[in-house]
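Structure record follows, encoded as structure tokens.
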Amino acid sequence: MTRILLISGNTRADSLHTAALRTAARFAPAEISASLFDGLRDLPAFVPGEYSPPDPISFLRLQVAAADAVLFSTPEFAGSMPGSLKNLLDWLVDGGDLTGKPAAWLSVAVPGQDEGACTALETVLAHSGAKVLPAACVRIPLTQSAMDDHGTVADPQLHQALLDMLQTVARALAAPKTRSQPSWQAVSSLYPVVQRNDATPFRSWRAEIWRPGE
Numbered sequence: 004m005t006r007i008l009l010i011s012g013n014t015r016a017d018s019l020h021t022a023a024l025r026t027a028a029r030f031a032p033a034e035i036s037a038s039l040f041d042g043l044r045d046l047p048a049f050v051p052g053e054y055s056p057p058d059p060i061s062f063l064r065l066q067v068a069a070a071d072a073v074l075f076s077t078p079e080f081a082g083s084m085p086g087s088l089k090n091l092l093d094w095l096v097d098g099g100d101l102t103g104k105p106a107a108w109l110s111v112a113v114p115g116q117d118e119g120a121c122t123a124l125e126t127v128l129a130h131s132g133a134k135v136l137p138a139a140c141v142r143i144p145l146t147q148s149a150m151d152d153h154g155t156v157a158d159p160q161l162h163q164a165l166l167d168m169l170q171t172v173a174r175a176l177a178a179p180k181t182r183s184q185p186s187w188q189a190v191s192s193l194y195p196v197v198q199r200n201d202a203t204p205f206r207s208w209r210a211e212i213w214r215p216g217e
């Protein structure tokens, strides 16, 4: 049984991000246990070095610890992810809860609408020590018409795509582990990086993309 914790960065009741994750959780394949975290709005503001975290934070950390992987889906706001999701991640980074934890993201926007949010999310995950699974970072564009009155995705094709997405995460977890890349080589599903053969320092994983033969 693969256990996947689903975290939406959208606090709206009619959020497509939450609807997609809710659908994935409700109709997950038998071999996958997917649970949707629904306490984002209840999390207190992050306090660095808090030795006795509030109960909502302790519960969040228990859910992360119990999961084999964490899957995020977030809208973009002001060129980045919403502050509520950043607050959640700050608590997890401070507690070391994501260190070594496989993680991925699901985008429900069309290309060009949420790259800032996905990039910011991957940057924080890298700082947290999480293991981002590029093969499991999936884009399934949705429109508001795809959501039914129950807050789930009703379209059969999109429904199946969401279930396939969960299986992609499970397969990525089961894939043979390869030798890790050098620490300066941040690997992103949005900005692929090819390792250089020389010793030129890597300045910014967003600023420059190495290409073979350069």
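With our numbering as the guide, the letters of the sequence shown map in order to residues 4 to 217.
Built from N, CA and C at the ideal position, the CB exists for glycine as well.
Since the structure is predicted, the reported quantities are computational estimates derived from the model, not experimental observations.
Residue i classed as buried or exposed, judged by whether at least 16 other C-beta atoms fall within 10 angstroms
i: residue 12; result: buried
i: residue 84; result: buried
i: residue 136; result: buried
i: residue 10; result: buried
i: residue 168; result: buried
i: residue 28; result: buried
i: residue 73; result: buried
i: residue 76; result: buried
i: residue 183; result: The pLDDT assigned to residue 183 is 43, lower than 50, so where the model puts this residue is not dependable; a value taken from the coordinates is nonetheless given after this. By the 10 Å Cβ count, residue 183 comes out exposed.
i: residue 178; result: exposed
i: residue 18; result: buried
i: residue 31; result: buried
Rounded straight-line distance, which links the Cα of residue j to that of residue i
i: residue 96; j: residue 113; result: 29 Å
i: residue 37; j: residue 20; result: 15 Å
i: residue 79; j: residue 117; result: 5 Å
i: residue 2; j: residue 16; result: Limits of the chain in this structure are 4 at one end and 217 at the other, which puts residue 2 out of reach.
i: residue 53; j: residue 160; result: 45 Å
i: residue 219; j: residue 108; result: Outside the displayed span of the chain (4 to 217) sits residue 219, for which this structure offers no information.
i: residue 66; j: residue 124; result: 19 Å
i: residue 1; j: residue 89; result: In this structure the chain extends from 4 to 217, so residue 1 is not present and cannot be described.
i: residue 150; j: residue 138; result: 26 Å
i: residue 133; j: residue 120; result: 17 Å
i: residue 48; j: residue 126; result: 21 Å
i: residue 188; j: residue 99; result: Its pLDDT being 34, under 50, residue 188 is placed unreliably by the model, and the measurement read from it follows with that caveat. About 22 Å.
i: residue 166; j: residue 57; result: 34 Å
i: residue 154; j: residue 115; result: 25 Å
i: residue 39; j: residue 101; result: 17 Å
i: residue 50; j: residue 14; result: 21 Å
i: residue 128; j: residue 55; result: 24 Å
i: residue 34; j: residue 143; result: 22 Å
i: residue 68; j: residue 152; result: 33 Å
i: residue 64; j: residue 46; result: 12 Å
i: residue 44; j: residue 26; result: 20 Å
Nearest neighbour of residue i, chosen from the options [CA to CA]
i: residue 141; options: 124, 82, 150, 171; result: 171
i: residue 164; options: 145, 176, 99, 47; result: 145
i: residue 157; options: 24, 9, 35, 47; result: 24
i: residue 70; options: 5, 31, 56; result: 5
i: residue 103; options: 8, 32, 131; result: 131
i: residue 162; options: 22, 122, 101, 55; result: 22
i: residue 8; options: 47, 105, 127, 153; result: 105
i: residue 111; options: 35, 50, 147; result: 147
i: residue 61; options: 81, 91, 39; result: 91
i: residue 42; options: 87, 26, 30; result: 87
i: residue 122; options: 143, 68, 82; result: 82
Bridge partner(s) assigned by DSSP for residue i
i: residue 8; result: 38, 73
i: residue 156; result: 150
i: residue 83; result: 80
* Could you give the uninterrupted runs of the beta strand (DSSP E) lying entirely in the stretch 104-154, keeping only those of 3 residues or more? -> 105-110
* **Minimum length 4: unbroken alpha helix (DSSP H) runs contained in the stretch 43-69** => 58-69
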